[in-house]
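Numbering (my numbering), first residue to last: -6 to 382. From the three backbone atoms N, C-alpha and C, an ideal C-beta is built for every residue, glycine too. What follows is a short report on a single structure.
Laid out in structure tokens, this is it:
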């Protein structure tokens, strides 16, 4: 009973924090209440900003858009994700030095207010957006990186971002270039890949946790990145699937690197592999609960796993994965809520109510389109057209 009270109190506090933050941002951005009348009534807006209610997914997305920010920006402002303040501050110095005003990047979906938040070190912008902004003011990524941290940036994080962007855009040529880049880096560092043991992935009795069957070979970061990039545009060979499976099952302490690799490659993993890793997440759930990035990765991976499991005819298992992953959703992460709802609709379409499932999936696609998240909307729409009758 005490735990339930504490949980309810936590939820209520989060409602208040979200509503109050939205109110403060609206005032700071000098956006009047009238602007939101197409979304909320005056009473509904008052209840939201007072922390009494949290609007649904679509209304939150629309409200953020009118404010000139995104759900991801709001996540940073809530303090759910760490901000590297120097990123925006250095960009501000370069922009002013080169004489560009704050409205110059509006065609890149960066409003003056959003730019202000970024340059003040209150939010982070995605790699692809910053890259386009730098190109627009004729500054190279190399120059920017140098001033950020003496030329040293988190290389692997940027790799995952590049793969993710190319995946959502279905940009096969970029993914192939990345695959070649990682392969060359592996060779440059003298990291040779040995022949791997072949195991039977079809055998239903195969157990990846079996110490006798489980391969113990250690793989390099660049080899794993190489396979991840390839996995994002095509089906891996049986040998390559074993390599990725071995890497994932060799993880004792999950970090963002491992979670990112699982998220990217999950569609290339066997049913048994997916279930074993999800069981691992259940066993170690406490380690993920307070880390926003880890929770988001698990949602992304779970959604892709659910779609893959349904296509394998494992609807009941897909529903179990969906139910388990729901606890990792957070109110402020509307992107995760959106893709989760899409997966929910796909399971619904195949199990209980085809029309309701189709409607739910279409709503998610339209919501991302409204937010000008064209790549995500197009990716989901492509999946919908290929899999829904």
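| Asked | Found |
| --- | --- |
| Buried or exposed: residue 155, going by 16 or more other Cβ atoms within 10 Å of its Cβ? | buried |
| With 16 other CB atoms within 10 Å as the buried threshold, where does residue 378 fall? | exposed |
| What do you get for residue 329, buried or exposed, if any count of 16 or more other CB atoms within 10 angstroms of its CB means buried? | buried |
| Please work out which residues of its chain come closer than 6 Å, Cβ to Cβ, to residue 16, disregarding the five sequence neighbours upstream and downstream, and give them in chain order. | 42 |
| Residue 363: buried (16+ other C-beta within 10 angstroms of its C-beta) or exposed? | exposed |
| Taking the alpha helix (DSSP H) that residue 330 belongs to, which residues open and close that run? | 327 to 344 |
| List in chain order: all unbroken alpha helix (DSSP H) runs of 4+ residues lying wholly within the segment 89 to 122. | 105 to 112 |
| Does DSSP classify residue 247 as helix, strand or coil? | coil |
| Which same chain residues, not among the five before or five after residue 305, have their C-beta less than 8 Å away from its C-beta? | 264 |
| Starting from residue 352, trace the alpha helix (DSSP H) both ways and give me its first and last residue. | 347 to 363 |
| According to DSSP, is residue 263 part of a helix, a strand, or is it coil? | coil |
| Quick one, which of 331, 169, 272 has its alpha-carbon nearest residue 293's? | 331 |
| Of the choices 358, 290, 130, 277, whose alpha-carbon is the least far from that of residue 258? | 290 |
| With a Cβ-Cβ cutoff of 7 Å, do residue 173 and residue 360 count as a contact? | no |
| My output table needs one value for residue 281: the three-state DSSP class, helix, strand or coil. | coil |
| Apart from the five residues just before and just after residue 73, which ones in its own chain have a Cβ nearer than 8 Å to its Cβ? | 285, 323, 325, 326 |
| Judging by CA-CA distance, which residue of 301, 96, 246 is the nearest neighbour of residue 277? | 246 |
| Looking only at its own chain, which residues have a Cβ that is under 6 Å from the Cβ of residue 194, when we skip the five neighbours before and after it? | For residue 194, the predicted model reports a pLDDT of 36, less than 50, meaning its position is unreliable; a value from the coordinates is still stated below. Here the set comprises 263. |
| For the putative contact between residue 297 and residue 260, defined by C-beta atoms under 8 Å, what is the C-beta separation to the nearest angstrom? | 6 Å |
| For the candidate residues 14, 22, 61, 169, whose alpha-carbon lies nearest to that of residue 39? | 14 |
| Helix, strand or coil: how does DSSP classify residue 307 here? | coil |
| Determine, using beta carbons only, whether residue 241 and residue 255 come nearer to each other than 7 Å. | yes |
| Do you know whose CA, among 333, 318, 314, 309, lies nearest residue 345's CA? | 309 |
| Within the continuous alpha helix (DSSP H) that includes residue 26, where are the two ends? | Neither: residue 26 is in no alpha helix (DSSP H) and is coded neither H nor E. |
| Just the Cα atoms here: how many angstroms apart are residue 71 and residue 116? | 10 Å |
| Is the beta carbon of residue 312 less than 7 Å from the beta carbon of residue 340? | yes |
| Give the secondary structure of residue 173 by DSSP, where H, G and I count as helix, E and B as strand, and everything else as coil. | helix |
| Among the residues of its own chain, which have a CB less than 8 Å from the CB of residue 34, if the five just before and after it don't count? | none |
| Under a Cβ-count criterion, where at least 16 other Cβ atoms within 10 Å of its own Cβ denotes burial, should residue 365 be classed as buried or exposed? | exposed |
| Which value, in whole angstroms, describes the spacing of the CA atoms of residue 230 and residue 287? | 28 Å |
| From this set, 299, 301, 244, 282, which residue's C-alpha is nearest residue 273's C-alpha? | 244 |
| Looking only at its own chain, which residues have a Cβ that is under 6 Å from the Cβ of residue 96, when we skip the five neighbours before and after it? | 105 |
| Which whole-angstrom value is the C-beta distance of residue 369 and residue 161, which I expect to be below 8 Å? | 6 Å |
| Within a Cβ cutoff of 8 Å, which residues of the same chain sit near residue 101, ignoring the five residues on either side of it in sequence? | 122, 125, 126, 129 |
| When burial is assigned at 16 or more other CB atoms within 10 Å of the CB, is residue 133 buried or exposed? | exposed |
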